[in-house]
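The numbering used here applies: residue -8 is where the sequence shown begins, and numbers increase by one. Virtual Cβ for every residue (Gly too), placed ideally from N, Cα, C. Contents: one structure, followed by commentary.
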Amino acid sequence: MRITVTGKNIIITDALKDRVIKKLTKFDKFFGADTEATATLSVERDRHIFEVTIPFNGIILRGEDATDDMYASIDNVMEKLERQIRKQKTKLERKLKDMDLRFDTLFESNADEEEDEVQIVKTKRFAIKPMPAEEAAMQMELLGHSFFVFSNSDTEEVNVIYKRKDGNYGLIEPEF
-8 MRITVTGKNI IITDALKDRV IKKLTKFDKF FGADTEATAT LSVERDRHIF EVTIPFNGII
52 LRGEDATDDM YASIDNVMEK LERQIRKQKT KLERKLKDMD LRFDTLFESN ADEEEDEVQI
112 VKTKRFAIKP MPAEEAAMQM ELLGHSFFVF SNSDTEEVNV IYKRKDGNYG LIEPEF
């Protein structure tokens, strides 16, 4: 697995970079050599934020945590990624038999750990009208939602606009 470590508002010391690489190389046994992990360390006010994204074959594993200590944030994100892999193990095994993730070396699950089954409890259908992303953001705010699905009049594709933790907006555009 290839690992890229970047920083925002922080000078990445050799000790920090080594810690990140050491932790992420533990996931080498689950991914092939062509999988790339991106680790971002950042500081905002007194928050030390660590984020890892591992895209592979159309699936994205992602973990983020913010604490007052960067090393604690790194440890917390690694635990989150381990839980994601463990939770998705059976689902991914069925769907991705020939792909890059190797489950023969995956974590052994404890007998007393309970697997949470994903259950869809509500389905909502609605008509969407074409609008620019700015209007969709305004509609989302008016509805008091944290996201809004709309037909983007600029691209003629279905997009999702969402409110980010930092108060800004994000736009999800599909790629086919």
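Length of the line joining the Cα atoms of residue i and residue j
{"i": "D56", "j": "V68", "result": "6 Å"}
{"i": "M(-8)", "j": "T44", "result": "12 Å"}
{"i": "Q130", "j": "T31", "result": "32 Å"}
{"i": "L15", "j": "I1", "result": "20 Å"}
{"i": "R38", "j": "D59", "result": "5 Å"}
{"i": "D66", "j": "K120", "result": "44 Å"}
{"i": "F167", "j": "I50", "result": "14 Å"}
{"i": "N150", "j": "R53", "result": "21 Å"}
Supposed close pair residue i, residue j - CB separation, criterion 8 Å
{"i": "A127", "j": "I152", "result": "5 Å"}
{"i": "Y62", "j": "R10", "result": "7 Å"}
Where residue i sits in the DSSP three-state scheme
{"i": "V68", "result": "helix"}
{"i": "A118", "result": "coil"}
{"i": "I1", "result": "coil"}
{"i": "R(-7)", "result": "strand"}
{"i": "R155", "result": "coil"}
CB contact below 8 Å: residue i versus chain D
{"i": "A118", "result": "In summary, chain D is missing from the structure at hand, where a single protein chain is found."}
Best match in the options for proximity to residue i [C-alpha to C-alpha]
{"i": "F18", "options": "Q75, S64, D37, H39", "result": "Q75"}
{"i": "A24", "options": "D5, F141, I(-6)", "result": "I(-6)"}
{"i": "K154", "options": "G135, N143, E166", "result": "G135"}
Exercise for the section: Please specify which runs of the alpha helix (DSSP H), each continuous and at least 4 residues long, are wholly inside the region 3 to 47, giving them in chain order. Expected result: 5 to 15
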